[in-house]
Amino acid sequence: MFGEDAHAKAVLDCHADYARRFARALTPVKGTPTEVATAAYAGCAGEFEAFSKAMRTHAETSKDPKAFMDPDGFQREQLAKLREYAFAYTLDLYLRNTTTF
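Numbering (our numbering), first residue to last: 385 to 485.
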């Protein structure tokens with residue numbers, strides 16, 4: 385979805401670490417999987433900020449007219465996509481690491 389973007393990878397790696405830490409906690413986590421995924425966003429705010437700045441720079445230097453003509457819109461769109469994907473990604477990892485079949 386985000387190709388080889390290092391900033392997007394950093395966000396997803398942070399979310400993965402967050403999900404795995406809570407999934408493997410020795411004491412039961414009192415939060416629901418949705419709450420864990422929501423909290424991961426706050427826990428990974430620095431990575432999201434770096435991604436946001438990188439998307440702004442990309443938009444301002446892009447040869448894609450849509451991105452170049454509306455860098456704010458491009459940045460918002462990319463952030464929304466990553467937030468949505470990171471949320472689902474975190475839920476998936478958390479559930480796969482806590483559920484036994």
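Ideal Cβ positions, reconstructed from N, Cα and C, are used throughout, including at glycine.
Looking at the unbroken alpha helix (DSSP H) that takes in residue i, where does it start and where does it end?
| i | result |
| --- | --- |
| L410 | Where L410 is concerned, there is no enclosing alpha helix (DSSP H), given that its DSSP letter is neither H nor E. |
| D476 | 455-482 |
Please report the straight-line C-alpha distance between residue i and residue j, rounded to a whole angstrom.
| i | j | result |
| --- | --- | --- |
| T462 | M439 | The sequence shown places Gln at residue 462, not Thr. Rounded to the nearest angstrom, the two C-alpha atoms are 7 angstroms apart. |
| S436 | P412 | 34 angstroms |
| A429 | Y473 | 16 angstroms |
| G457 | R405 | 34 angstroms |
| R460 | S446 | 15 angstroms |
| G387 | D401 | 20 angstroms |
| A464 | E431 | 14 angstroms |
Check residue i in the structure and name its three-state DSSP category.
| i | result |
| --- | --- |
| G387 | coil |
| C428 | coil |
| S446 | coil |
| T422 | helix |
| T441 | helix |
Contact the segment 475-484 vs the segment 386-397: 3+ CB pairs below 8 angstroms: Taking 8 angstroms as the limit for Cβ pairs, the verdict is that the segment 386-397 does not touch the segment 475-484.
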